[in-house]
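One structure is given below, encoded as structure tokens.
Numbering (UniProt numbering), first residue to last: 1 to 1118.
Written as structure tokens, this is what we have:
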């Protein structure tokens, strides 16, 4: 059991182990004795562990009590919970009564306020400059200003009904005449589509097509430098050769390593375009180095640099937001300067690839420039939108209250602004890149701008004209005669159709060879494929004809050939003597069609032979078996003969002879009759299938996103009847009759309400309020207090500096207590940790571990008791030291400027004297790391004092209390704060007060964020801001609301979609060899380009001229 002796120091006691020697072998017992001796020497537990808390600097003990001093007088210990007590705001009785003790009558100013706003104010007595505001119930008085605002709201509602709701019933996307016309057209289109099949086409995936053309246009003018021409042609000819392989050979290039490609190109003006960053292996090797640089350069300089900026910008008259923005911008500029300088001069990057540092810097600068240009356009748009909203509210006081009208104006402005500034982001980005001399980025930005200005509109117009059918239908018709089957031979790069050869009667398929080298593959096609599309009208009739034709011939084949001649119940199975093989399969050795043994079918005679063969074999097996049964063979032989000869043989033969012929004749006859009549019933079946598609589910629907269930009902009932006939009548009645009447009713109601309200307010004001109105002393039904001290938050609480120092000293002791707790917990748990380490070192090689039983379990329980005792004592002391402040009160506590300066300096001196020996040193943290973690300069005690005061109270505590601020002073209830008063009086601060104001006070309001840059800015493959100008529309939750497309300046994709150099090389080859270009859509071309992206970077200029054999992997051979 743990001993909590509070007087002695911790005392160790070795652990003792015991075990039963009789349960193990002597050899094992000897080993266990050695381990036991070693363990008892090294392992221990705490026999006693006294918990002695650090000596208190505040004079407090675990429980609050009075302490008797040496002179016999009683010293009162500070009660930190009641150190700062919030004020009371119960002054309503004082402000409502006059000196005679009667309730005050309302004065002229209060009566005027009631007449205008339905509320009045009463000056506070305890809080100078503040007022108590009372609002009367609307039954008694609403106020002329509020009543006028209600009238404007009623007018806005009536106007909205006329200019928005009524107008939308004639022309809008929901419940309108225009929508009914569209529904009629769509309904008629669906009717025609059901009857004949209307064309259904689309231009395809415009986004991918435009994106591909965009990438090609960016690099369309690039040329290969002369020193790289040889490797360029080597790569392109390799790709061209592999593109001629058949699709079945794709597995041969899965692990092929293409020849190296050039990464440096030239523009027509001779400017070098260095694309080494597009090498995935190279950029992946750079990223860890970049991450280390980014992290390293963000430390050590930020705090003093930020403080210098705040000090320099303080006198420029900037607002808080402007100061914060300027500080963040300057900090980021300095951070980028340091990062870019470190990257350029980094030895690891230079050894990795010469000049790669400058490339990385240029890439990040270009991304930052484009991002800055885009954000500038967005900020400009937001600024103009705010100005427009202010203008609309000022010029149109009624219309601006209509949200739909205001949104429409803002949407129109956004689209107009977008059209006027469509290229502004590009132009701004080009200007910023010119300032940084980023010639490569300028070239691509200008190419991108030219594409969007000139090429993209033309491409959109041309590609929109392309008509691709939305659906292709395939109908398969069986080829009856095997001699007409199509046999295809695939060998290396050639695919050819060869003559169909049937094996001679009795000839068997050759045995497959094990060798797969230079072996051709043979494919057989047993169906004719006929296709229709939705490109042209009447495609449903074409589907009907092709489906009828295909189903009819397939049904004739099944019912006229397969069932009566090839099935187990066919006529051949009835009359043939031997089993027959109706199907054929192709041999992969010679491409000849041989009988397929898996389709072997038995006849009547073969079944009888098989039946009696089974009977004879069963009898023979019975007679050959030893007589070891229960009854003996002399008895069971008769049962066996009856079972085999009578039941199996005789009865089975009778059933086969009588039933099988009937089944064969019946099924074959019905099948032949069905085959002969297929031209009659197959068209009816096909017609029924099409009718089911119209009424139940349209399986031929060309649009996967449209409705497929009950399309006939949709066209006739929903589109034509409801939306085409009923919707226009309802919309016309609502727009022409309902909305005007509703607007008139709202206008009359608003006018009557305003008139009645005016008369009622006038009567109540002169009959009740003016003669009988008084200042109330409490809330009631007639008047309710809505603002004032205690309800509003526009006041501050002033405390004394000695109260602040007492709170700081309590916080210092809490910090020391926390360090003591952490260190003591480590010391308490040290025996457990050493026990774990001992077991791990000894038994880990044998895959053995700890179990929570025995000595270890008792040690853990003892440790847990010590931990609990420590936590209890620390919590008791911490509860005494904590200051109970409500969060609202914390944010309101402040000091005047001079007292704040004195408090910060005295707090800094207290921290400087206390922290090094009581907090920093015991925590085991290096002093430099301590200040770095606090984001402060080394030994910046004033900064630490400011931080601690902001944590105890709030960040606004460091902003001094102004004379114009509404505040009141808290009283000191403790008599023993004289120690802190003496501290303040005995210290000579001299000129340090100005230094405190310059450095630390503004930081209470200006918190600049630490600089950070993502490593993705250096990677050209990492999308920072993708484009969404081609998007897929999605359904909306409220379909009756108008669509308000938000405007984004995403024409500028960040970074630009520059293709990989492998793609560029193939593009240049196609431009130079237009007679035999490389097809980008070829599966082998795509596979090789992907393989080239994974290749490590090779500087072609340093490569030695080596003629590799054609079958080496480095030469891309197979």
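Quick reminder that beta carbons are idealized off the backbone N, C-alpha and C, glycines included.
Among the bridge pairs identified by DSSP, residue 27 is matched with none. Inter-segment contact for the segment 698-711 and the segment 126-137 is absent: fewer than three beta-carbon pairs are separated by less than 8 Å.
Residue pairing by DSSP places residue 531 opposite 474 in a beta bridge. The three-state reading of DSSP puts residue 829 in coil, since its state is none of H, G, I, E or B. With a contact defined as Cβ atoms closer than 8 Å, residue 543 and residue 473 qualify at about 6 Å. Here residue 180 is buried. Its C-beta has 16 or more other C-beta atoms within 10 Å. The Cβ atoms of residue 523 and residue 667 do not sit closer than 8 Å to each other.
Comparing alpha-carbon positions, the option among 825, 214 and 269 lying closest to residue 1059 turns out to be 214. Unbroken alpha helix (DSSP H) runs of no fewer than 4 residues, entirely contained in the segment 330-396, are found at 347-352 and 356-395, following chain order.
In the same chain as residue 177, and ignoring 5 residues on each side of it, the C-beta atoms closer than 6 Å to its own belong to 170, 728 and 731, in chain order. CA-CA distance, residue 314 to residue 306, rounds to 12 Å. Going by beta carbons, residue 961 and residue 894 fall inside the 8 Å limit. For residue 879, the closest C-alpha among the options 375, 814 and 918 is that of 814. Around the beta-carbon of residue 737, fewer than 16 other beta-carbon atoms lie within 10 Å, marking it exposed. Looking at the backbone, the Cα of residue 941 and that of residue 934 are separated by about 11 Å. Look at the beta carbons and you see the segment 221-240 touching the segment 1055-1072: at least three pairs across the two are nearer than 8 Å. The three-state reading of DSSP puts residue 423 in coil, since its state is none of H, G, I, E or B. In this structure, the beta-carbon distance from residue 605 to residue 577 falls below 8 Å. Between residue 1097 and residue 290, the alpha-carbon positions lie close to 18 Å from each other. Between residue 1093 and residue 1062, the C-beta gap is smaller than 8 Å, which places the two residues in contact.
For residue 865, the enclosing alpha helix (DSSP H) has its first and last residue at 854-881. Within the segment 707-757, the runs of alpha helix (DSSP H) at least 4 residues long that lie entirely inside it are, in chain order, 727-733. Residue 757 places its beta carbon 8 Å or farther from that of residue 952. In the DSSP assignment, the residues bridged to residue 784 are 135. Just so you know, the alpha carbons of residue 223 and residue 338 end up roughly 36 Å apart. When the beta-carbon positions are compared, residue 1015 and residue 287 come within less than 8 Å of each other.
For residue 96, same chain residues with a beta-carbon under 7 Å away, outside a window of 5 residues either side, are 103, 104, 775, 776 and 777 in chain order.
Here residue 684 is exposed. Its C-beta has fewer than 16 other C-beta atoms within 10 Å.
Of the candidates 944, 457, 626 and 440, 440 places its Cα closest to the Cα of residue 265.
Comparing alpha-carbon positions, the option among 277, 292 and 308 lying closest to residue 358 turns out to be 277. Scanning the segment 199-255 for uninterrupted alpha helix (DSSP H) segments of 4 residues or longer gives 206-218 and 229-242, listed from N- to C-terminal end. DSSP, reduced to helix, strand and coil, places residue 457 within a helical segment of the structure shown. Per the C-alpha coordinates, the member of 157, 866, 336 and 705 positioned closest to residue 739 is 157.
Here residue 635 is exposed, its C-beta having fewer than 16 other C-beta atoms within 10 Å.
Distance check between residue 600 and each of 617, 573, 611 and 620 places 573 closest, using alpha-carbon atoms only. In this structure, residue 364 and residue 843 do not form a Cβ contact; the two beta carbons are roughly 53 Å apart against a cut-off of 8 Å.
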